[in-house]
Structures are given as C-alpha cells and as structure tokens.
Amino acid sequence: MPRFSIIVPCYQAAKTIDDTLASLRAQTVTDWEALCVDDGSTDATYALLRTAAATDPRIRVLENPGKGPSDARNHGAAQASGELLAFCDADDLWAADKLAALEAAFADPACDGAFGRVSFFERRAEDARSVSSVPSAPLSIPMLLGENPVCTMSNIALRARVFAQSGGLRREMVHNEDLDWLIRLVGIGARIDPIDRVLVHYRVSRSGLSADIERMRAGRAMALDSAARFGFQPDAQAEAVHLRYLARRALRVGLGGTTALGLALRGLALAPARFLTPMHRGCGTLAGALIAPALPAPMRRALFSR
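This note's numbering puts the sequence shown at residues 47 to 352.
1) Going by Cα to Cα distance, which pick from L215, L309, A286, G303 is closest to M268?
2) Hey, T66 and D137 are a contact pair by Cβ (cut 8 Å); roughly how many whole angstroms apart?
3) Kindly indicate if chain D contains any beta-carbon less than 8 Å away from that of R169.
4) So what does Y248 bridge to, in DSSP terms?
5) In whole angstroms, what is the alpha-carbon distance linking R352 and V244?
6) Taking DSSP as the reference, what is the three-state secondary structure of R237?
7) Mapping DSSP to helix, strand and coil, what is V208?
8) So, do the segment 180-191 and the segment 273-289 have three or more beta carbon pairs nearer to each other than 8 Å?
9) Of all the options V164, A146, S179, which has the alpha carbon lying nearest to the alpha carbon of S200?
10) Enumerate in chain order the residues of its own chain whose CB-to-CB distance from A206 is below 8 Å, with the five nearest sequence positions on each side excluded.
11) With a threshold of 8 Å, are at least 3 pairs of Cβ atoms found where one atom belongs to the segment 135-151 and the other to the segment 236-250?
12) Considering only the alpha carbon of each residue, which of D85, Y248, G159 lies closest to V208?
13) Given that a residue counts as buried once 16 or more other Cβ atoms are within 10 Å of its Cβ, and exposed if not, what is M262?
14) Apart from the five residues on each side of it in sequence, which residues of its chain come closer than 6 Å, Cβ to Cβ, to S212?
15) Going by DSSP, name the residue or residues bridged to A160.
16) Would you report the Cα separation of S69 and L94, rounded to the nearest angstrom?
17) According to DSSP, is P181 part of a helix, a strand, or is it coil?
18) The alpha helix (DSSP H) spanning D65 covers which residue range?
19) Quick one: grab the DSSP three-state call for M47.
20) My guess is that K113 and D84 are in contact by the Cβ rule of under 8 Å, so how many angstroms apart are they, rounded?
21) How would you call T62, buried or exposed, if buried means at least 16 neighbouring beta carbons within 10 angstroms?
22) Which same chain residues end up closer than 6 Å to Y248 when comparing Cβ atoms and leaving out the 5 residues on each side of it in sequence?
23) Suppose only complete runs of 4+ residues qualify. What are the alpha helix (DSSP H) ranges in the segment 92-141, listed by chain order?
24) What three-state label does DSSP hand P339 in the structure shown?
25) Does the distance from the CB of G313 to the CB of R290 come in under 8 Å?
26) In this structure, does DSSP put A282 in helix, strand or coil?
27) Just checking my contact of L309 with A296 at CB under 8 Å: how many whole Å lie between their CB atoms?
28) Assign E79 to one of three DSSP states: helix, strand, or coil.
29) Determine whether the beta carbon atoms of R3 and A286 lie at a separation below 8 Å.
30) Would you kindly work out how many angstroms separate the C-alpha atoms of A335 and E168, rounded to a whole number?
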C-alpha cells in the first residue's frame, strides 16, 4: 500500500500531461501511486496516460467519461489505496520536495491536511514571478471567504479518512467546487495546516476554467450557502478581499482590460482599507487594474501573468 495516492483528473490534457507526470516522478519521496482519471478526452490524453502507465507501475489509468472534474476527483479517491490523498490537475506541476514537505507535516497526528505556497507561470515554471502567501495559522472559513490561500486543488493534501468524512466534492459544480469542499472540510473540524514553501506551480491559461470570472462568482454563491450552514457569512471586508483576488486573477490570465478594473473598483468601494491591505498586494492590484485598460492584451498577459 503506497503512502500517498495522487488524484489527477484529466480532460484534453495532451499538451501538458507529460510534464505533470514528470513532476510527480521527480518527487524525492517515491512511495506514491497516481490515479489519472480521464474524463472522456478526445485528444491524445488517454494514449499518453496508457504509455506512462506502461513504463511506471505507480501510474494507474481510470476512465470516468463526461462526468466533470469534481466527479473525477471523487472517483479517483474512491479507488485510492494510500493513507494520504493529494490532488494535482493535469496542467500543473509539483515542486520536487512537495511530498517530502507533506510527509513532515503529517508527522503531527493532529494534522488532517496541508497546503503550501503556489507560483503562477504561463510557459516555464522557473520564470514565475507571482507567488501566493500562506497564513500563520490553520485554514479557517473566514480565510476561505476572503482570498482562499489554498488557491488550487493541486495544492491540497489530506488523510483519506478525512476526505471520506467530508463527503467529497459536489459533482454538479465546475467552478469554486474546491472552495465549497474546503469550507465543508474545515466546517466539520478538519485542521488544515499551512506550509511556508512553494509546493505547486500553477499554469495560467486564458482558456482554463479559472479564467471564467463570472462563473467563478456564480460558483462562489453556492459555496457561500455551505458557509452559511456553519454559521459564517462574508462581511464587506471579506468580499473586498475576494474581489481583489478576482481582479488579480483577471490580470494574470489576460482578460479584457476593464474586467480587472471593474472588480477592483467594486472591492475598493466595499472596504477601502481592507482592499488596500497589505499595501503591496492591494495597491499593486489597484495600480495594475488602472493601467490594464490602456494596454494591449499581449502586454497585459506578459506583465501580470508573472
């Protein structure tokens, strides 16, 4: 039985899946299995997965066509045999010491899950200049309602029994399904600890689900319903931080210049002091949003995806 089971949902990932799997093979901790769940890809994804599995017995290929990323993750988790579950999207990369850092975190029996910092890149991980931060305390629902320091499913690992207790991800959600699940996970009492190291390299893509800002907002509304069941409602300050996060995401993925500006101005109007704090993040986002409409799209992507 492997120590770690890594769930990799895959759909139309032929251009990136080899690099993702290479980052798993590069782990300094080798006691893992990767469950690659194909969601009915029509490109070469499935063939590439089969080739990878033929050369590395730790890689398993599962088929779950047409059911979406949430169900793919649940399906992979149901087939996993490791004590610890980790997730990695088929276009992201892991730092070589990610599993080693997680192993150290889970040495504490009170730790139910863990996450680290995330770097954002467009072409090469080593060129990333934008990096997320982590809090100094375990993950909380107010943190999630603000800027969500986990950032991506590729950045979360937890004990398999805790995943089962959480009920898994909601299969009908394709935007903010991670936020909804994390809220429910923390809501049932799971302790999710931060690791102050870059463990994930997140590939920024204009065509990815995370580039669809308005649908992210709709998915967030569903996640807020989950938060309300645990007695939490976002206040103006949390909404301001969330709108700042969306403005930064809009800048990173190179959306229309007015998109980021509109989000930033809404956040600034809700809670000016909170939007601008910390200053490097708030003022930087506002400045970027203000100049973005005057820049051509290629320049916006070059400046803000780093």
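Using N, Cα and C, we set each Cβ at its ideal position, and we do this for glycine too.
Just so we're clear, the structure is a prediction, and the values are computed from it rather than from any experiment.
In terms of the structure at hand:
1) Here residue 268 is taken as the residue at index 222 of the sequence shown, counted from 1. The candidate whose alpha carbon is nearest that of M268 is L215.
2) Here residue 66 refers to the residue found at position 20 of the sequence shown. Here residue 137 refers to the residue found at position 91 of the sequence shown. Their Cβ separation, rounded to whole angstroms, is 7 Å, which keeps T66 and D137 in contact under 8 Å.
3) Among the chains of the structure shown, chain D does not appear; only one protein chain is present.
4) As a working mapping, residue 248 is identified with position 202 in the sequence shown. Paired residue(s): F166.
5) Counting from 1 along the sequence shown, the entry for residue 352 is found at position 306. Counting from 1 along the sequence shown, the entry for residue 244 is found at position 198. Unreliable placement is indicated for R352, whose pLDDT of 47 sits below 50; no coordinate value is reported for it.
6) Residue 237 sits at position 191 when you count from the first residue of the sequence shown. DSSP places R237 in coil when its eight states are reduced to three.
7) Along the sequence shown, one-based indexing puts residue 208 at 162. Helix.
8) yes
9) Looking up residue 200 in the sequence shown gives position 154. Selected option, being the one with the closest Cα: V164.
10) Residue numbering aside, residue 206 sits at position 160 when the sequence shown is read from its first letter. S51, A123, A126, G128, E129, L130, L131.
11) yes
12) Within the sequence shown, numbered from 1, the residue matching residue 208 stands at position 162. Minimum Cα distance to V208 is reached at G159.
13) Sequence index remark: in the sequence shown, residue 262 carries index 216 (1-based). Its Cβ being crowded by 16 or more others within 10 Å, M262 is buried.
14) Reading the sequence shown from its first residue, position 166 is the one you call residue 212. For S212, where only same-chain residues beyond five positions count, the Cβ hits under 6 Å are R230, L231.
15) If you number the sequence shown from 1, residue 160 lands on position 114. DSSP, once it has assigned bridges, lists A203, D239 as partnering A160.
16) As a first step, residue 69 is located in the sequence shown; it is residue number 23 there, counting from the start. As a first step, residue 94 is located in the sequence shown; it is residue number 48 there, counting from the start. Each residue's Cα considered, the two are about 15 Å apart.
17) Locating residue 181 in the sequence shown gives position 135, counting from the first residue. P181 falls in the coil class under three-state DSSP.
18) Position 19 of the sequence shown, counted from the start, is the residue given in the question as residue 65. Its alpha helix (DSSP H) spans residues 63-71.
19) Residue mapping note: residue 47 aligns to position 1 of the sequence shown, counting from 1. Three-state result, M47: coil.
20) Along the sequence shown, read from residue 1 onward, the residue named residue 113 stands at position 67. Along the sequence shown, read from residue 1 onward, the residue named residue 84 stands at position 38. Not confirmed; about 11 Å, so no contact.
21) One-based indexing of the sequence shown puts residue 62 at position 16. By the neighbour-count rule (16 or more Cβ atoms within 10 Å), T62 is buried.
22) Locating residue 248 in the sequence shown gives position 202, counting from the first residue. Contacts found: D138, V164, F166, T198.
23) 114-125
24) Position 293 of the sequence shown, counted from the first residue, corresponds to residue 339. Three-state result, P339: helix.
25) Counting from one through the sequence shown, the residue named residue 313 turns up at place 267. Counting from one through the sequence shown, the residue named residue 290 turns up at place 244. Taking 8 Å as the Cβ cut-off, G313 and R290 qualify as a contacting pair.
26) Here residue 282 corresponds to residue number 236 of the sequence shown, with the count starting at 1. Correct three-state label for A282: helix.
27) Translated into the one-based positions of the sequence shown, residue 309 becomes position 263. Translated into the one-based positions of the sequence shown, residue 296 becomes position 250. That pair is a contact at about 6 Å.
28) Along the sequence shown, one-based indexing puts residue 79 at 33. Note: E79 maps to strand in three-state DSSP.
29) Since the first residue of the chain shown is 47 and the last is 352, residue 3 is not available in this structure.
30) Stepping through the sequence shown from its first residue, residue 335 is reached at position 289. Stepping through the sequence shown from its first residue, residue 168 is reached at position 122. Taking the straight line from one Cα to the other gives about 19 Å.
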